[in-house]
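Participant: First residue of the sequence shown: 1, per the UniProt record's numbering; consecutive thereafter.
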Amino acid sequence: MSDAAAPAPAAEPVTATAAAAGQSSQQQPSKVAPAVLVIGMAGAGKSMVMQRLSSHLSENRLKTYGINLDPAVVGDLSFPANIDIRDTIHYKKLMEEHNLGPNGAIVLSLNLFTTQFDQLSNLLAQRALENDFVLIDTPGQIEIFTWSAGGAIICDALASRLPTCVVYVVDTVRCQNPVTFMSNMLYTCSILYKTQLPFVVVFNKTDIVKHDFAVEWMRDFEAFEEAVSRESSYTSGLARSLSLVLDEFYSNLRVVGISAARGDGMNDLVEAINEASAEFERDYRPKLEQLRKEKEAEEAARQQAQLNKFAADKNAGMKVAMNLSDAATAVSAAAGASGSRKAQVKLSKINYGKGSHEEYDSDDSDSAYTPRDGLSYMNENEEDEDDADDDEAEGDEYSTAEEAEKERLQFESFKSFLASQNASSAVAKKPQ
Ligand SMILES: Nc1nc2c(ncn2[C@@H]2O[C@H](COP(=O)(O)OP(=O)(O)OP(=O)(O)O)[C@@H](O)[C@H]2O)c(=O)[nH]1
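Take a look at the structure:
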C-alpha cells in the first residue's frame with residue numbers, strides 16, 4: 001500500500017470551503033478534510049470525475065489525498081492516488097484461485113481490503129489534518145454499497161473519523177429514458193438509506209446532454225408522468241408509482257450537473273461537497289456520537305450482567321455449602337435432644353471432617369458463633385481438643401459398661417451351665 005505525498009501544491013492559509021465557494025477565509029469550517037466517496041455505475045465517469053476534481057482543487061491550491069478502491073483498473077490511474085488497492089490485492093489472482101468472474105472477484109477484493117480498513121482509516125484521520133479533501137474512487141459494482149458487508153465497513157470506518165459524504169455519479173445520457181432514470185434513482189435511494197451519509201447526486205456528461213430534464217423530473221411529478229406516459233411497458237406504470245413514493249426523497253437531495261470531460265460545474269460540485277460535509281457535522285456527527293454512546297452503554301451493561309451472573313453462581317455455590325451445614329446442625333440438634341452427645345460429634349465429623357467447613361455443638365447455649373471464611377461457624381470459646389477429650393472420656397465409660405455387661409452375661413451363662421451339670425450328676429448318683 002503506497003502512501004506517497006499528494007502531488008498537489010502546498011496549501012495557503014485558505015479553507016477548502018472558502019476557496020471552493022468563493023467565500024472569505026474568515027469563516028472557519030472544520031479543519032478535518034472531508035472524505036468523498038465517489039460511487040456510481042460502471043461507465044458513469046467516476047474515475048474521470050476523480051481526475052477532474054483533483055485537478056480543479058489543485059488549481060485552487062487545495063490539497064487532496066487520493067485513494068483508489070477499484071482493483072480492476074488497468075494501467076495507470078487517471079488521478080493522483082496515495083493509496084491504491086491494487087498494491088495489496090491482485091484481483092485476477094483471486095479470479096483464478098476462487099474460480100470467480102470479474103464482478104465476484106471485485107466484490108471479494110473490496111471485502112478483503114476492508115479487513116485492513118480500520119488501520120487505513122486511522123492513517124486517513126492523520127492525513128485529513130494535512131489535506132483539504134480525501135477523495136475515494138470505487139468500482140462500478142455498486143452492490144458493494146447496497147448489500148455487501150465491505151461497503152458498510154468502509155462507510156462506518158470513514159464516518160467514525162472524518163466528515164464523510166457520498167458523491168453518486170450518474171450518466172446523464174443514459175438517464176434520458178424515464179424508466180432507466182427511475183432505475184438509477186432507486187439505486188441512489190438504496191445507497192442513501194444503506195450508507196446513511198450526506199449525499200450529492202452528480203449528473204455527469206452534461207457536455208452531451210444537459211441534466212435539466214432530470215432536475216425537472218425530480219421536482220415536478222407531472223413532468224415525469226408525462227415522460228413516462230410515452231412509454232407503454234409494464235415498468236412505466238411502476239416507474240410512475242415509484243416517482244410518487246420518491247417525491248420526499250428527491251426533496252432532500254443535492255443535485256449537481258457537471259462535465260468531467262470539460263470541467264463544467266466543478267465549483268458547484270465542490271460547494272455541494274462542502275455543504276454535505278457541514279451537514280455531516282451538524283446532523284450526522286451527533287447521531288453517530290449518540291450511537292457510539294449507546295453501543296458503549298450496551299457493552300457496559302453486558303459486562304455488568306456477566307459479572308452479576310458470575311457473582312450469583314458463586315453465591316449459589318456458597319448456599320449449597322451452607323444448606324448442607326444447616327441440615328447437619330438440625331440432625332445434630334435432634335441427636336442432642338435425645339442426650340447422645342457422642343452421636344452429635346460423630347455426625348459433625350462424618351459430614352465435614354474435623355476442622356472442615358462447619359462444626360457446631362447445639363447444646364452449648366453460651367456459644368458465640370463467628371463466621372470463618374464466610375463458611376464456617378465455630379464456637380470461639382471452645383477448642384477442638386474439647387471434643388476430642390469428650391470423645392475419649394465418654395468412649396472409656398461406654399466400653400467399661402459394655403464389658404461389665406458382657407462379663408455379667410458370661411457369668412450368668414456359666415452359672416446355668418454349672419446348675420445343669422449338678423442336676424445331671426445328682427440323677428446319676430441316685431441309688432437304683
Ligand atoms: N463526453 C463525456 N464523456 C465522459 C465524461 N466523463 C467520463 N466520460 C467517458 O465515460 C467513459 C467512462 O468513464 P470512466 O471515468 O472510466 O467511468 P467509471 O465510472 O470510472 O467506469 P468504471 O471504472 O468502469 O466503473 C470513458 O470513456 C470516459 O471518457 C464526460 O463528462 N463527458
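No residue lacks a Cβ here, since even glycine has one placed at the ideal position from N, Cα and C.
Pick from L186, S259 and A128: whose alpha carbon is nearest that of R240?
Facilitator: Taking the sequence shown and counting its residues from 1, one reaches residue 240 at position 240. Closest by alpha carbon: L186.
Participant: From E403, E294, S190 and A260, pick the residue whose C-alpha is nearest to that of F249; which is it?
Facilitator: Locating residue 249 in the sequence shown gives position 249, where the first residue counts as 1. It is S190 whose Cα lies nearest to the Cα of F249.
Participant: Three-state secondary structure (DSSP) at V38?
Facilitator: Taking the first residue of the sequence shown as position 1, residue 38 is located at position 38. Strand at V38.
Participant: I'd like to know whether the C-beta atoms of E271 and P163 end up nearer to each other than 8 Å.
Facilitator: On the sequence shown, residue 271 is found 271 positions in, with the first residue counted as 1. On the sequence shown, residue 163 is found 163 positions in, with the first residue counted as 1. The answer is no: Cβ separation not under 8 Å.
Participant: Quick check on the DSSP output: the alpha helix (DSSP H) that includes C155 runs from which residue to which?
Facilitator: Walking along the sequence shown from the start, residue 155 turns up at place 155. C155 -> alpha helix (DSSP H) spans A149 to A159.
Participant: Given the structure, does P139 come close to ligand 1, in the sense that its CB is under 7 Å from one of the ligand's heavy atoms?
Facilitator: The residue labelled residue 139 in the question sits at position 139 within the sequence shown. Yes - ligand 1 has a heavy atom lying nearer than 7 Å to the Cβ of P139.
Participant: Please give me, in chain order, every unbroken run of the beta strand (DSSP E) with length at least 3 that falls completely inside the stretch 194-266.
Facilitator: Runs found: 199-204 and 254-257.
Participant: Given this structure, state the Cα-to-Cα distance separating S47 from Q126, to the nearest angstrom.
Facilitator: Indexing the sequence shown from 1 puts residue 47 at position 47. Indexing the sequence shown from 1 puts residue 126 at position 126. If you take the alpha carbons of S47 and Q126, they lie about 25 Å apart.
Participant: Identify which residue in E59, N99, F181 and S121 has its Cα closest to the Cα of I153.
Facilitator: The sequence position of residue 153 within the sequence shown is 153, counting from 1. Nearest option by C-alpha distance: S121.
Participant: In whole angstroms, give me the CA-to-CA distance for C155 and T195.
Facilitator: In the sequence shown, the residue the question calls residue 155 occupies position 155. In the sequence shown, the residue the question calls residue 195 occupies position 195. Taking the straight line from one Cα to the other gives about 6 Å.
Participant: Report all residues from its chain with a CB closer than 6 Å to the CB of A33; omit the five preceding and five following residues, and keep chain order.
Facilitator: Here residue 33 corresponds to residue number 33 of the sequence shown, with the count starting at 1. Same-chain partners within the cutoff: A128, N131, D132, F133 and V134.
Participant: Quick one: Cα of residue 442 to Cα of I39, how far?
Facilitator: Any question about residue 442 goes unanswered here, given that the chain covers just 1 to 432.
Participant: Note the first and the last residue of the continuous beta strand (DSSP E) segment covering T164.
Facilitator: Here residue 164 refers to the residue found at position 164 when the sequence shown is read from its first residue. Counting along the chain, the beta strand (DSSP E) containing T164 begins and ends at T164 to D171.
Participant: Report the partner residues of V134 according to the DSSP bridge assignment.
Facilitator: Residue numbering aside, residue 134 sits at position 134 when the sequence shown is read from its first letter. Answer is A35 and Y65.
Participant: Between L197 and V166, which are expected to be in contact by the criterion C-beta below 8 Å, what is the C-beta distance as a whole number of angstroms?
Facilitator: The residue you call residue 197 lines up with position 197 of the sequence shown. The residue you call residue 166 lines up with position 166 of the sequence shown. Yes, L197 and V166 are in contact; Cβ-Cβ is about 5 Å, under 8 Å.
Participant: Quick check on DSSP: helix, strand or coil for I142?
Facilitator: Taking the sequence shown and counting its residues from 1, one reaches residue 142 at position 142. I142: coil per DSSP, three-state reduction.
Participant: Using the Cα positions of S413 and E402, report the straight-line distance between them to the nearest angstrom.
Facilitator: Sequence index remark: in the sequence shown, residue 413 carries index 413 (1-based). Sequence index remark: in the sequence shown, residue 402 carries index 402 (1-based). Going by the C-alpha atoms only, they are around 16 Å apart.
Participant: Can you give the beta carbon distance from I144 to G150, rounded, assuming they're within the 8 Å contact cut?
Facilitator: The residue you call residue 144 lines up with position 144 of the sequence shown. The residue you call residue 150 lines up with position 150 of the sequence shown. Right, their Cβ atoms sit about 6 Å apart.
Participant: In or out: H56 buried (at least 16 other Cβ within 10 Å) or exposed?
Facilitator: Numbered from 1 along the sequence shown, position 56 holds the residue referred to as residue 56. Per the 10 Å Cβ criterion, buried.
Participant: Give me whichever residues DSSP pairs with I83 in a beta bridge.
Facilitator: Taking the first residue of the sequence shown as 1, we reach residue 83 at position 83. Per DSSP, I67.
Participant: How many angstroms separate the CA atom of R285 from the CA atom of A157?
Facilitator: As a first step, residue 285 must be located in the sequence shown, where it is residue number 285. As a first step, residue 157 must be located in the sequence shown, where it is residue number 157. Roughly 13 Å between the two C-alpha positions.
Participant: Exposed or buried, R230, counting other C-beta atoms within 10 Å across all chains shown (16 or more means buried)?
Facilitator: Counted from its first residue, the sequence shown places residue 230 at position 230. With fewer than 16 other Cβ atoms within 10 Å, it is exposed.
Participant: State yes or no: is the C-beta of A81 within less than 8 Å of the C-beta of G66?
Facilitator: For the purposes of this step, residue 81 is taken as residue 81 along the sequence shown, with counting starting at 1. For the purposes of this step, residue 66 is taken as residue 66 along the sequence shown, with counting starting at 1. Yes. Within cutoff.
Participant: Mapping DSSP to helix, strand and coil, what is D76?
Facilitator: Counted from its first residue, the sequence shown places residue 76 at position 76. Coil.
Participant: Within 10 angstroms of the Cβ of A214, are there 16 or more other Cβ atoms? Answer buried if so, exposed if not.
Facilitator: In the sequence shown, counting from the first residue as 1, residue 214 sits at position 214. The residue is buried, with at least 16 neighbouring Cβ atoms inside 10 Å.
Participant: Using 10 angstroms around the beta-carbon of K313, count the other beta-carbons present and answer buried if the total reaches 16, otherwise exposed.
Facilitator: Residue 313 sits at position 313 when you count from the first residue of the sequence shown. The residue asked about is misnamed: residue 313 is Asp in this sequence, not Lys. The residue is exposed, with fewer than 16 neighbouring Cβ atoms inside 10 Å.
Participant: State buried or exposed for L37, treating a residue as buried only when at least 16 other CB atoms are found within 10 Å of its CB.
Facilitator: What you label residue 37 is simply residue 37 of the sequence shown in a count that begins at 1. Under this definition L37 is a buried residue.
Participant: Quick one: measure Cβ to Cβ for F203 and L192, integer angstroms, because I've assumed they're closer than 8 Å.
Facilitator: The sequence position of residue 203 within the sequence shown is 203, counting from 1. The sequence position of residue 192 within the sequence shown is 192, counting from 1. Going by Cβ atoms, the distance from F203 to L192 rounds to 16 Å, so no, they are not a contact pair.
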